[in-house]
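In the working numbering, the protein residues as written are 401 to 721. Heads up, the beta-carbon is just placed ideally off N, CA and C, and yes, glycines get one too.
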């Protein structure tokens, strides 16, 4: 463990103690001269020394707290090198749909599913990606759950980045998932690979080329979690429901065809817990290896300021006695 000061220059505030210390010294000198003139014996100096000591301690504590002390602790991090997973979230415009104006959108529900899946495999590096008609990685597989949650919070938005709108481009396409197997999304040493696709499933039929890519070796297990409702609409603030969007009932059969062709597992969002358990089962167990160290920081400024009230309380009490 190491103690560091975030703003060491702020400790100069402790120099302010020189003013009251100087005043206390001048006061004691003046009292000594008066006692000498009157022929009085000097009183015990214990009280004055305690007051001076309390001032010094108070200044030291305030100076230390102002410098913002932080206790750093390094702990070894062990993760599995034989397994990796990705959570891939559909960010097409249809993910704005919801059951009501005040209800959660499909995307908001998808983010919750992603967080639940990540929590189910704490010892496995998990990455985060999004897709429309192209797939974009946001977080490469990491054991750091904080980084994953930050990616969910900051990177996952509808059509951000936007889809490829070139002529003939399909705005929602499972064909975008092929790079999971062809573009080095997973580390070479990763033998167990799982991709969790969180989507509303409203996609065009998938090409045989994509099916073949997803079935390549090394094996990639696909788990699909569908966030979808047949009566859902896209609601916009201050206007009626967006009439340009209608749910696609035919997408259910297209999704089932994709599942049959790839051997994927399909779950409804209400079964997200079962889906998470299936991800953990597919990844199995493995021997963790040390992947470095994780630094945790414990700020101490509040506690240091709190301790400063002890000498301050003594000085206030002494003044009133």
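Check	Outcome
Rounding to the nearest angstrom, what Cα-Cα distance links residue 692 and residue 588 in this structure?	19 Å
Does residue 558 come out as helix, strand or coil in the three-state DSSP assignment?	coil
Exposed or buried, residue 706, counting other C-beta atoms within 10 Å across all chains shown (16 or more means buried)?	exposed
Apart from the five residues on each side of it in sequence, which residues of its chain come closer than 7 Å, Cβ to Cβ, to residue 618?	591 and 593
Take residue 689 and list the residues in its own chain whose beta-carbon comes closer than 6 Å to its own, dropping the five residues that flank it on each side.	481
At the level of alpha carbons, what is the spacing between residue 701 and residue 430?	38 Å
Comparing C-alpha positions only, which one of 406, 498, 496 and 504 sits nearest to residue 465?	406
Which ranges would you report for the beta strand (DSSP E) in the segment 481-553 if only whole runs of at least 3 residues count?	483-490, 526-531 and 535-542
Within 10 Å of its beta-carbon, does residue 567 have 16 or more other beta-carbons around it, so buried, or fewer, so exposed?	For residue 567, the predicted model reports a pLDDT of 45, less than 50, meaning its position is unreliable and no value from the coordinates is stated.
Just checking, does the segment 454-472 make contact with the segment 510-519 on the three C-beta pairs under 8 Å criterion?	no
In the DSSP assignment, find the unbroken beta strand (DSSP E) run with residue 694 in it and report its ends.	688-699
Using the DSSP secondary-structure output, state which residues sit across from residue 564 in a beta bridge.	According to DSSP, residue 564 bridges with nothing at all.
Can you tell me the Cα-Cα spacing of residue 350 and residue 507, whole angstroms?	This structure cannot settle anything about residue 350, because the visible part of the chain is limited to 401 through 721.
In terms of residues, what are the limits of the beta strand (DSSP E) holding residue 621?	620-626
Whose CA, out of 497, 544 and 530, lies closest to the CA of residue 631?	497
Under a three-way DSSP split, which group does residue 657 fall into?	helix
Among residues of its own chain, excluding the 5 on either side of residue 491, which ones have a beta-carbon nearer than 8 Å to its beta-carbon?	507, 530, 531, 532, 556, 557, 558, 559 and 560
Taking 8 Å as the limit between beta carbons, can you name the residues of its chain near residue 722, skipping five residues before and five after?	The question about residue 722 has no answer, for the chain in this structure spans 401 to 721.
Would you list the one or two residues that DSSP bridges to residue 405?	469
For residue 677, report the span of its alpha helix (DSSP H) as first-last.	672-683
With residue 517 and residue 710 assumed to form a contact (beta carbons below 8 Å), what rounded beta-carbon distance in angstroms separates them?	That belief does not hold up - the Cβ atoms of residue 517 and residue 710 are roughly 49 Å apart, past 8 Å.
By DSSP's criteria, residue 478 is part of a beta bridge. Which residues make up the other side?	690
Is the Cβ-Cβ distance between residue 654 and residue 599 less than 9 Å?	no
Would you say residue 545 and residue 563 are within 9 Å of each other, going by their C-beta atoms?	no
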